Amino acid sequence: MSEKEKSLYGEGVGFERIRRITGYLVGTVDRFNNAKRAEVADRVKHGCSGDA
Amino acid sequence: MIVSVKKRDGREMPFNIEKIADAIVKAFRASGELDEQIKAAQSQMNLLGNDDILNSTALKVSAEVVSLLESSGKTTPDIEEIQDAVEKALTEGGFADTVKSYILYRAERTRVREVNTRLMHTLRDITFSSAKESDLKRENANIDGDTAMGTMLKYGSESAKHFYTMMMLKPEHSRAHSEGDIHIHDLDFYALTMTCCQIDLIKLFKNGFNTGHGHLREPKDIRSYAALAAIAIQSNQNDQHGGQAVPNFDYAMADGVRITYRKAYLNNMVKALMLLTGKEEEEIRPLVKKLHEEMAEMGMVATLVPNERFAQSEAHELSKTFSLETAMHAQKFAEKQAYEETDKATFQAMEAFVHNLNSMHSRAGAQTPFSSINYGMCTDPEAQMVMRNLLLTTEEGLGGGETAIFPIQIFRVKAGVSLNPGDPNYELFKLACRVSAKRLFPNFSFMDAPYNAAYYKPGHPETEIAYMGCRTRVIGNTARPENEITFGRGNLSFTSINLPRIALKMKSIDLFYKELDRMLALVRDQLLERMEVQSRKRVKNFPFLMGQGIWIGSDKLGWNDEVREVLKDGTLSIGFIGLAETLVALTGKHHGESEASHKLGLEIVQHMREFCDRESERLQLNFSLFATPAEGLSGRFLRMDKKLFGVIPGVTDRDYYTNSFHVPVYYKISAFKKIELEAPYHALTNAGHISYIEMDGDPTQNLDAFEKIVRFMAKSGIGYGSINHPVDRDPVCGFVGVINDVCPRCGRAEGHAIDPQKIEELRKKFPGMPAFLGIR
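Residue numbers (our numbering), protein chains in the order written: chain A, 1 to 52; chain B, 1001 to 1776.
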């Protein structure tokens, strides 16, 4: 591996983010259409603590 | 003098008066305005035929057109100018009806032209824009719109949609679809396929099957069972546009484990006896093999959990040749070895199965088959071995530790079987929770929800509820009550209603129901129309689905028979999205915010369900109500309604409509409250439903909370549910888990480079790290 290659190892490589959108999974978030991307961004966590 | 004409694309062509006359003849024919004259001419035994009167009149009008154009000084008129002149000449000639039909003809031509132009625009968009820029290319996230085959698929799909909208759909259905009142799902497959099917693998494997490209024999080992399961899913995918589900994965694969164990036991028995007695294989193998065959005929076989009857009988028989001590010694060895080998083979089989379903091609390589498998109810040790290994390989991930996207795994939860400590499959349930906490799958289906339990008959796996793809559920059967089972059945087609649109248009609750009824009737008619198109298909159109007898009843049909009768076991589903926005539009609040809105929400959904039940009874078919997930649709309806009604807070102020009956994703609510609110909608949506909980943090660190939520779903009457959490992965170091801005394992920030030395250091600590090759 050349010095240049070493300095570029991983450059431009994003993280894969898998989310369930409609019951199934897809590769990563960037495969979603605009509406579903917006929905994923809007999602809030549901409190899971305490007793049922 | 007019010598040439300017066409729409700008080219000049020689002027030809006959072309004008032709169009006018067509208009006269359509209006019938010259019919009287023609009749009169005929009764007078006039030698002129009908066409002559038509032609001569048309030519006269055409000449008038020319003089009109010339008098306005045009020497190279364009098409629009000529058509204006034709209208004028016809009007002046007193042909009022013909003017009308000419205008209609002109409008129709314009429409066709525009549709073609629109199609060309669409195709251009597909060709020249990348998926990153083109929303159209990301309509379905499982298709990679950037690849050659993904693009080819999109060409076909968009052109087919244009064709069906123009040529096959009834105008009122086509209009309702294009204007966004309803959405006809999978319109690109309108004249081709039904949605999905639940494949009974046990029936299919018996005597082997033919993929259309070759015959495959009945499998004889767990590895070939698993391989054939994947092939069956792939083959059936080619005959349908929706998902492929296996409703009895545990039961079917257990058979493969049984055979594998028997073989492994035999082999190890031979080895043990060879070692213990010093005899050669040629001597021992035939003896043991013959003995096992004879015992099998009497119903005695070696089993994963050793059975006394076989063991005693085998020991007794072997002791006739060897000592009893040797026989029993060999048995012990063979049992242990065979168990370990079978376990290993099962793991490999499941690993390969998951790999296959994530890499096999469907649709010319644009997608992998859309697969789901249901399991969890079979308590045989062989099935437990299958499920445990399937879960373990899922937990491990694919080659580089990636989360498998397929198959969708559905773990069946039932008290007395898997839900509670002491239940035979409770350990598997715990494992399922652990795996789902890491990999998002399995989802959980609940056998004890009253509307699911209603169909269940113990000892009949075909009556266990199954879910397909994202949520589809097919079990009830009004058309043929004797077939209230999952095996071999599926959805024919489904169409969704834009509920918020109705609320926005009607404003009051009374009027809302009136318009809703109109939409329900419209969708019913459209579904029936499509079913008629499907019914005219023949077995040969579905070589695998029908030709191999997968669809219920199709094994009784001949190659050229219509599939009409057997389709009656399928379902016609009416879906809806945006209940939350509908309630806000009607009452100001959604069902998460107000008890009254929740009550109204249930009434609305109940109303739709009653319509489905009533029509099922009346027509002796299976109409069912579907909680539409709306991948492409959530944005499509919203954009149209925003244009029509503007931005209305809580209704059209976001980029999407909320999935089916869900409480909006942006609304802060506890997991338990959400489950309680959504559960009653599961009972009403008999064509399928799912509820999600978004869990905070890393659920693998909080498995108790994870399990508690699943148990609460079971208790609340949820039919199908899953727990969402972020699953991130750094492709460089292979870390899987929650990654915010920086990878917790290697410390790399998103998009940044890292010293390869550091990765090599980490590899010492994490030997399973994938080799990252991409230097970009």
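Backbone N, C-alpha and C fix where the C-beta goes; we use that ideal spot for every residue, glycine too. Note that this is a predicted model, so its numbers are computed, not measured.
Proximity of residue i and residue j at Cβ, strictly below 8 angstroms
| i | j | result |
| --- | --- | --- |
| Y1105 of chain B | A1027 of chain B | yes |
| F1370 of chain B | Q1548 of chain B | no |
| V1738 of chain B | T1403 of chain B | no |
| I1222 of chain B | A1345 of chain B | yes |
| G1751 of chain B | V29 of chain A | no |
| F1015 of chain B | V1025 of chain B | no |
| F1626 of chain B | T1685 of chain B | yes |
| C1197 of chain B | G1490 of chain B | yes |
| K1019 of chain B | I1079 of chain B | no |
| H1682 of chain B | A1432 of chain B | no |
| I1199 of chain B | D1255 of chain B | no |
| N33 of chain A | D1135 of chain B | yes |
| V1115 of chain B | M1167 of chain B | no |
Opening and closing residue of the beta strand (DSSP E) in which residue i lies
| i | result |
| --- | --- |
| A1230 of chain B | Segment 1222-1237 is the alpha helix (DSSP H) holding A1230 of chain B; no beta strand (DSSP E) there. |
| H1183 of chain B | 1182-1184 |
| K1006 of chain B | 1004-1006 |
| E1484 of chain B | It is not in any beta strand (DSSP E) - E1484 of chain B carries neither H nor E in the DSSP assignment. |
| Y1692 of chain B | 1691-1694 |
From the options, residue whose alpha carbon lies closest to that of residue i
| i | options | result |
| --- | --- | --- |
| Y1426 of chain B | B:F1411, B:A1437, B:R1439 | B:F1411 |
| R1530 of chain B | B:H1185, B:L1419, B:K1643 | B:H1185 |
| A1226 of chain B | B:H1241, B:Y1102, B:D1200, B:M1253 | B:M1253 |
| M1713 of chain B | B:F1205, B:M1168, B:C1612, B:K1674 | B:K1674 |
| A1030 of chain B | B:G1553, B:Y1102, B:K1764 | B:Y1102 |
| S1691 of chain B | B:Y1467, B:V1417, B:D1755, B:L1586 | B:Y1467 |
| T1658 of chain B | B:F1576, B:I1718, B:S1716, B:S1722 | B:F1576 |
| S1496 of chain B | B:G1180, B:D1009, B:V1003, B:E1610 | B:G1180 |
| P1731 of chain B | B:F1772, B:S1722, B:E1707, B:D1755 | B:F1772 |
| I1718 of chain B | B:L1621, B:A1479, B:I1465, B:Y1666 | B:I1465 |
| F1353 of chain B | B:M1377, B:S1323, B:L1392 | B:L1392 |
| S1056 of chain B | B:Q1037, B:F1429, B:E1092 | B:Q1037 |
| E1172 of chain B | B:A1148, B:R1524, B:K1514 | B:R1524 |
| V1305 of chain B | B:A1338, B:M1377, B:E1314 | B:A1338 |
| V1099 of chain B | B:G1032, B:D1255, B:P1077 | B:G1032 |
| T1303 of chain B | B:A1383, B:S1159, B:R1654, B:K1290 | B:A1383 |
| T1374 of chain B | B:C1470, B:G1416, B:G1400 | It should be noted that the sequence gives Asn, not Thr, for residue 1374 of chain B. Checked all of B:C1470, B:G1416, B:G1400; the closest Cα to N1374 of chain B is B:C1470. |
| L1398 of chain B | B:G1376, B:M1608, B:S1362, B:Q1348 | B:Q1348 |
Continuous alpha helix (DSSP H) stretch holding residue i: start and end
| i | result |
| --- | --- |
| R1412 of chain B | It is not in any alpha helix (DSSP H) - R1412 of chain B instead sits in the beta strand (DSSP E) that spans 1408-1413. |
| I1373 of chain B | Where I1373 of chain B is concerned, there is no enclosing alpha helix (DSSP H), although the beta strand (DSSP E) it sits in stretches over 1371-1375. |
| E1462 of chain B | No alpha helix (DSSP H) contains E1462 of chain B, which DSSP labels as neither H nor E. |
| Q1244 of chain B | Looking at the DSSP string, Q1244 of chain B is not in any alpha helix (DSSP H); the run it does join, the beta strand (DSSP E), is 1244-1246. |
| D1704 of chain B | 1703-1716 |
| R1729 of chain B | Careful: R1729 of chain B lies outside any alpha helix (DSSP H), inside the beta strand (DSSP E) at 1727-1729. |
CA-to-CA distance, residue j to residue i, given in whole angstroms
| i | j | result |
| --- | --- | --- |
| S1660 of chain B | E1335 of chain B | 52 angstroms |
| F1189 of chain B | S1157 of chain B | 8 angstroms |
| Y1261 of chain B | D1380 of chain B | 14 angstroms |
| K1556 of chain B | P1543 of chain B | 14 angstroms |
| L25 of chain A | G1688 of chain B | 18 angstroms |
| K1643 of chain B | I1574 of chain B | 25 angstroms |
| K1132 of chain B | A35 of chain A | 14 angstroms |
| V1474 of chain B | N1622 of chain B | 10 angstroms |
| A1176 of chain B | N1498 of chain B | 10 angstroms |
| L1520 of chain B | D1613 of chain B | 12 angstroms |
| E1218 of chain B | R1518 of chain B | 51 angstroms |
| L1192 of chain B | S1722 of chain B | 33 angstroms |
| L1084 of chain B | A1630 of chain B | The question names Leu, yet the displayed sequence has Asp at residue 1084 of chain B. If I take the Cα positions, the gap works out to 46 angstroms. |
| M1769 of chain B | Q1757 of chain B | 14 angstroms |
| L1034 of chain B | R1536 of chain B | 41 angstroms |
DSSP state of residue i mapped onto helix, strand, coil
| i | result |
| --- | --- |
| Q1620 of chain B | coil |
| K1457 of chain B | coil |
| T1652 of chain B | coil |
| I1574 of chain B | strand |
| Y9 of chain A | coil |
| N1477 of chain B | coil |
| T1658 of chain B | coil |
| C1433 of chain B | helix |
| R1217 of chain B | coil |
| L1492 of chain B | strand |
| Y1720 of chain B | strand |
Chain-ordered chain C contacts of residue i [CB-CB under 7 angstroms]
| i | result |
| --- | --- |
| E16 of chain A | The chain inventory of the structure shown lacks chain C, comprising the protein chains A and B. |
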